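Number of protein chains: 4
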Amino acid sequence: MIKAGIVGATGYAGEELVRILVMHSEVEIVGITSNSFAGEDISKVYPNLNGCINMKCESFEEIVGKCDVIFAALPHGLSEDIALECDKKGVVFIDLGADFRLTTEEDYKQWYGLDYKYKELHEKSQYGLCEIHKEAIKKSKVIANPGCYPTSITLGLAPVLKNKLIDIKSIIADSKSGVTGSGRGLSLGAHYPECNDSIKAYKVASHRHVPEIEQELSNLAGEKVMINFTPHLTPMNRGILSTIYCNVLDDKAVKLEEIINLYKEFYKNNKFVRVLEAGSLPETKNVRCSNYCDIGIVLDERTNRLIIVSAIDNLFKGAAGQAVQNMNLVFGLPEDTGLKYIPSSL
Amino acid sequence: MIKAGIVGATGYAGEELVRILVMHSEVEIVGITSNSFAGEDISKVYPNLNGCINMKCESFEEIVGKCDVIFAALPHGLSEDIALECDKKGVVFIDLGADFRLTTEEDYKQWYGLDYKYKELHEKSQYGLCEIHKEAIKKSKVIANPGCYPTSITLGLAPVLKNKLIDIKSIIADSKSGVTGSGRGLSLGAHYPECNDSIKAYKVASHRHVPEIEQELSNLAGEKVMINFTPHLTPMNRGILSTIYCNVLDDKAVKLEEIINLYKEFYKNNKFVRVLEAGSLPETKNVRCSNYCDIGIVLDERTNRLIIVSAIDNLFKGAAGQAVQNMNLVFGLPEDTGLKYIPSSL
Amino acid sequence: MIKAGIVGATGYAGEELVRILVMHSEVEIVGITSNSFAGEDISKVYPNLNGCINMKCESFEEIVGKCDVIFAALPHGLSEDIALECDKKGVVFIDLGADFRLTTEEDYKQWYGLDYKYKELHEKSQYGLCEIHKEAIKKSKVIANPGCYPTSITLGLAPVLKNKLIDIKSIIADSKSGVTGSGRGLSLGAHYPECNDSIKAYKVASHRHVPEIEQELSNLAGEKVMINFTPHLTPMNRGILSTIYCNVLDDKAVKLEEIINLYKEFYKNNKFVRVLEAGSLPETKNVRCSNYCDIGIVLDERTNRLIIVSAIDNLFKGAAGQAVQNMNLVFGLPEDTGLKYIPSSL
Amino acid sequence: MIKAGIVGATGYAGEELVRILVMHSEVEIVGITSNSFAGEDISKVYPNLNGCINMKCESFEEIVGKCDVIFAALPHGLSEDIALECDKKGVVFIDLGADFRLTTEEDYKQWYGLDYKYKELHEKSQYGLCEIHKEAIKKSKVIANPGCYPTSITLGLAPVLKNKLIDIKSIIADSKSGVTGSGRGLSLGAHYPECNDSIKAYKVASHRHVPEIEQELSNLAGEKVMINFTPHLTPMNRGILSTIYCNVLDDKAVKLEEIINLYKEFYKNNKFVRVLEAGSLPETKNVRCSNYCDIGIVLDERTNRLIIVSAIDNLFKGAAGQAVQNMNLVFGLPEDTGLKYIPSSL
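Chains as they are written, first to last, in the numbering used here: chain A, 116 to 461; chain B, 116 to 461; chain C, 116 to 461; chain D, 116 to 461.
What follows is the structure in structure tokens.
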């Protein structure tokens, strides 16, 4: 059994991790921490866990020594010290926060306003988008679990970028997220009467996931990619739907079937990506509470534009599920161990 | 491996059964049927199942011979013939419909307008509220899986009725159900704009679950119980919350702690019932996509009335999950096999 | 034109008042106040008001001198000083808070933990449930606008209490409220992911509206009435549905039609109460954004119990709309002036 | 008083028209029709109208002679005969359907599969986007009320197209609509459990509003415009949010403030368009149940792309409200008569 600790267990991503790991056949949770609920039993904070796990929130110092792997689900800026301590002790570290996602320190500085404290740790770290970096993840012990929006957008675009089918200047990602994406912290924007039965765009062209998305798309394209990314707050709990627009290069007279086949081929060893047949489109409910990413594709021949729609569960594939998938890879388990949940579409 | 067949697999309860059974370690689904989608692959009807099960809908005749157990999730009036055929072939039959729930034919006639076709089958059948009839269920091969409302109300009242603490004439059950309770069939009442952001009572004092609830409560009380039951349509997908009112008998000067302890004692061998501590109350989200029934209790000393609040997931503990629990009991498996889901409260 | 001021204009009830009064043909808003947004323009706080009203939040002192009527929408305990000042200046005072609702100081002390500061003001004040106290309201200048739950429950029970048809010990009110009922202040309970797609009971047998409801029911019955009242938080923005249970007295062999006629007669001069025909039941959407109270009645002959279902919009008839109705009465306007909104059921 | 008739009064747009016109000071509804509810009182079909209007559904033949204006809210293909009869009788005809929106018959044939029956009527007809065609509307008696998506997108783009600021090949409109947009007719897609808590794209690059949008954008640009348009079904009742992307022409080094001022100037005589200040973005709730169109603009200097977000209420400004606005223009009333509703954001 892998001994796991969760730092920041009482946030939404943390709780989802707890839920998944309690049911994971190869894992034993040996410690959890929480700033807001230190000393409290997590099943008091999340009564859904009642009878499933009874464990008090301790401090990181109390739990790190017992763990083979530490997951951290913290606001940015708090993970580097934890990572350092894990590194010293030989504990695998999987960060659900943003601190290790950007390979360029300037990007981190520009978008998050902070410097890197331990550069050597960043060199050891690996961006954990499993379908793209599988082999590198297996060899790493410091994993930067991707952001929810970047997961949905990068998986949606990887095959056409890798195959150089599209104009990289034309990419627009219009994403719609459920409200759990903004976390458990109270805010007027997530106050029920303010977001129920209404939709809005927010942080247009200024969301911190922009540099992360562009980093991954650039790696896939082999050249610098800049995009427009617009997140929207949607009246639902879970799920991200990204509707991605890009122009097919003029000299690539491709057909929709060819593109779909290319996606299937690209993801053939990745069962968590489901490429839909022509005419089918994803809905966030079809991936709810699962690790799947559903991708549907439309080719508009009138404008020669590709519309790629990808759907994930932001808390699962977009956070805790992918973190467990990373853990499985690092520890040599089958990638889908403990993650074989069929979405509950209702 | 138990070979299971599902008749009526494309309704909401049927699909939930498919979902649970695909993930059940001791079961193999060998056949499914559907009236509306005969010949179609169920993953086309429910795209969430894509990649998890690929199986065409056949006819009952085609599948019955392959099965150790048949589940039926059909409108009332259609299960007796199926049960007869299962009985002949020695196949365990678990009915999610209403045809075998009422032990008195007159009740069935009065509330459902039909006669019993095969009375001997009804004598063999067992009402499958697992926490109340566990031993009898283990010995039966024709199981009437309880209705969703009756499950939540009977589990909420069983301990006080069994212990004769309350005035049986005073019982009122005010239940709130999610919209999946009305099924997949289209109706104006379940049309999104008609039920979103609104609540209503329906079938007040005339819902078909009344005789079923009264039957079970009467059995527990040892005398004829009549209740008021008011179902409400609530703008949510899953969940039933039953708020149950009853007067404590004047000569029973009980305290809340005593009552809670009595509930804990009553359900001590039933891990799917979670009796909450004083001061805590259930929410439907805390049992979502799980087989739990959460029960919270308040004693109003001003009026000497007990308010018992019980919460279940109508599709899980109120339908498919309990059906699998019944199957586990009949086949001698641990009761919670394939049902150890932690509720996803978000 | 009546010159109106609103104290606490940036809470939900306050903003609804602003919205209604801006559109009221006989009213001019001359001042608004806000603790949280002092000095800010209300259309910045509520962008829906953009272009409809541009007015900065001032202090009470700045606005009271300009007003014929002051509405206060404040947490309890803050209205008495405002009322005193209005009284001194001859300004009509309409309180949407709880400070003047209870005629017995002990009740206020017991349920709200505070003493009355100015007893003579309480003697001048009038409980403003318009359909019940119309003539008294017309003569008063200090109005206690009723709570949302008490409005829905008292209107639902008044005719049978006044006519002594029911056992006053048997009353149970099971109410379901939208989330705006808990106000604009942030709380985990009103955080979108916590209440979306879920329902719960809260403050069972301990909600502060209990003494207010019992006061009004007792007045109607002519004797002390005690009830059970259970509020529920329902995943919707607006609306209260109260499902009220009571036993018909054994010597009153009434028929449903008689009861419905009695309700129609009772409310014949009150167009905001719509008594539904037998077989019809209210839905909160049918009163949304309106001053209506819809009442539907079922008589269960099996148990001789009456089930009365009433629906209001908690922010409109349950707060701001009724406050304006009270103002109309005090100022001698037709009762429905500025309130003739047809509910937007969608 | 203008005597108005509504053909198709029991659909969602029809009922919204009834609601608005009952409250309109200059209009008397003299007749309504309904295919599905012929002979029934509309307040039985829509209980929210109870006590506000009592009127039976008649046939078109019965009502046309009494009317000064006929509104039709029908599926496409049914309006031409009605328009012809109105034209003969000198009755103003305002069509909420699609039959008169496209000025090119080939477009109608291609996207709707039908021919024009009465070409001369089409020549007389005027597209009724009030802010763009005000003077022409005043002179016409056959008005094609715009579609909901086209209204939101055209108003969002008109100022930059008219001023030739953008690359017309770069336009992408990603729209999110509430479920009332799909009407009152039952469908699995609008069944509550299927669309609650989930979002999806539909009819990508193939929605019938494409030619209507392109027609209006082309008129504004003075050259043929082709766009990508993706509608999404969002779990809410009302509202359309359109997020529109376009590239600023390289030789136009404009600043955000300039663009916002240009929008304000363009719409200065149109109070129903609210151009938001820099940093503010629309939310559908802020226009709910009102005739407003809110527009917010972001300029991404990294990509030189403009992101224009526009919000309307699909049933109000996107259907019934704009129809009444058109009626006001045709009959010489102030444009906002009967339409001065402040959005109810909650």
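Heads up, the beta-carbon is just placed ideally off N, CA and C, and yes, glycines get one too. No experiment lies behind these values; they were computed from the predicted model shown.
Check this for me: beta carbons of Ala305 of chain B and Pro458 of chain D, under 9 Å apart or not?
no
- Stretch pair the stretch 327-339 of chain A + the stretch 260-273 of chain A: three plus CB contacts closer than 8 Å: Yes, they touch.
Check your understanding: Between Lys118 of chain C and the rest of its own chain, which residues show a CB-CB distance below 7 Å, the 5 nearest in sequence each way excluded?
Key -> Glu143, Val145, Lys181, Cys182, Asp183
- request: Give the secondary structure of Cys404 of chain C by DSSP, where H, G and I count as helix, E and B as strand, and everything else as coil.
  value: coil
*Output yes if chain B places a C-beta closer than 9 Å to the C-beta of Ser297 of chain C; else output no.*
no
Exercise. Would you say Ile499 of chain C faces chain D, with C-beta separation under 9 Å as the test?
Worked result: With chain C represented from 116 up to 461, any question about residue 499 of chain C goes unanswered, as that position is not in the structure.
Exposed or buried, what is Asp196 of chain C when buried is set at 16 or more other beta-carbons lying within 10 Å of its beta-carbon? exposed
- Message: Is the separation between the beta-carbon of Gly262 of chain B and that of Gly123 of chain B shorter than 9 Å?
- Response: no
Practice problem: Look up Ala426 of chain D in the DSSP assignment and say whether it is helix, strand or coil. | Solution: strand
### Message
Taking only three categories from DSSP, how would you classify Ala124 of chain B?
### Response
coil
* **DSSP-derived helix/strand/coil call for Ala434 of chain B** => Taken through DSSP and simplified to helix, strand or coil, Ala434 of chain B comes out as helix.
Within the 9 Å Cβ cut-off, does Gly166 of chain D reach chain C?
yes
CA nearest to the CA of Leu356 of chain C, picked from B:Val340, B:His347, B:His139:
B:His347
- With DSSP as the reference, label Leu454 of chain A as helix, strand or coil. coil
In whole angstroms, what separates the C-alpha of Ala316 of chain A from that of Pro397 of chain D? 8 Å
Exercise for the section: Return helix, strand or coil for Lys237 of chain B, following the three-state DSSP convention. Expected result: Here residue 237 of chain B is His; the residue named in the question, Lys, does not match the sequence. Helix at His237 of chain B.
Assuming contact is defined by CB atoms lying nearer than 9 Å, are Leu272 of chain C and Ile423 of chain C in contact in what I supplied? Yes, Cβ-Cβ distance for Leu272 of chain C and Ile423 of chain C is below 9 Å.
Alpha carbon to alpha carbon, how far is Leu205 of chain A from Asp415 of chain D?
-> For the sequence presented, residue 205 of chain A should be read as Gly rather than Leu. For Gly205 of chain A and Asp415 of chain D, the distance between alpha carbons rounds to 44 Å.
(request) At 3 residues or longer, and completely inside the stretch 246-295 of chain C: list those beta strand (DSSP E) runs for me, N to C. (result) 257-259, 287-292
field: Cβ-based contacts, 7 Å cut-off: residues of the stretch 122-148 of chain A near chain B
entry: Tyr127, Arg134, Val137, Met138
Within the stretch 158-220 of chain D, note down every full alpha helix (DSSP H) run reaching 4 residues or more, in order along the chain. 175-179, 194-204
Could you name the residues of the same chain whose beta carbon sits closer than 7 Å to that of Cys310 of chain A, not counting the 5 residues immediately before and after it, in chain order?
Here the set comprises Val294, Gly304, Leu348, Pro350.
**Q.** Host alpha helix (DSSP H) of Val325 of chain D (start-end)
**A.** Looking at the DSSP string, the run of the alpha helix (DSSP H) that includes Val325 of chain D is 324-336.
Exercise. Out of A:Tyr233, A:Arg216, A:Lys234, A:Glu235, point me to the one whose CA is closest to Trp226 of chain A's CA.
Key: A:Arg216
Helix, strand or coil: which one does DSSP assign to Glu130 of chain C?
-> Of the three classes helix, strand and coil, the one that applies to Glu130 of chain C here is helix, per DSSP.
| message | Only counting the same chain, and skipping five residues up and downstream in sequence, which positions put a Cβ closer than 8 Å to that of Lys318 of chain C? | response | Only residues of its own chain outside the window of five on either side were considered, and among them Pro346 have a CB closer than 8 Å to the CB of Lys318 of chain C, listed in chain order.
* Closer than 7 Å by beta-carbon distance: list the chain A residues that pair up with Asn352 of chain D, in chain order. => Asp312
(Q) With distance defined between alpha-carbon atoms, name the residue in A:Lys277, A:Ile121, A:Glu238 nearest to Leu335 of chain A. (A) A:Lys277
For the stretch 372-385 of chain D against the stretch 440-447 of chain D, are there 3 or more C-beta pairs whose distance is under 8 Å? no
Residue burial classification, Gly212 of chain B (beta-carbon count within 10 angstroms, cutoff 16):
By the 10 Å Cβ count, Gly212 of chain B comes out buried.
Exercise for the section: Between the Cα of Asp365 of chain D and those of D:Ile410, D:Gly228, D:Arg417, D:Val413, spot the shortest distance and give me the residue it belongs to. Expected result: D:Arg417
Taking only beta-carbon atoms, is Pro308 of chain B less than 9 Å away from chain D? When Cβ-Cβ separations below 9 Å define contact, Pro308 of chain B makes contact with chain D.
Measure the Cβ-Cβ separation of Arg403 of chain C and Ser313 of chain B and say whether it is below 9 Å. yes
*For a contact meaning CB atoms closer than 9 Å, what does Gly303 of chain C contact in chain A?*
In the sequence on display, residue 303 of chain C carries Leu and not Gly. The contacting residues are Arg299, Leu301.
(Q) My output table needs one value for Thr358 of chain D: the three-state DSSP class, helix, strand or coil. (A) Per DSSP, reduced to three states, the secondary structure at Thr358 of chain D is strand.
Quiz prompt | Listed by chain order, chain A residues near Thr349 of chain D by CB distance under 7 Å | solution = Ile314, Thr349
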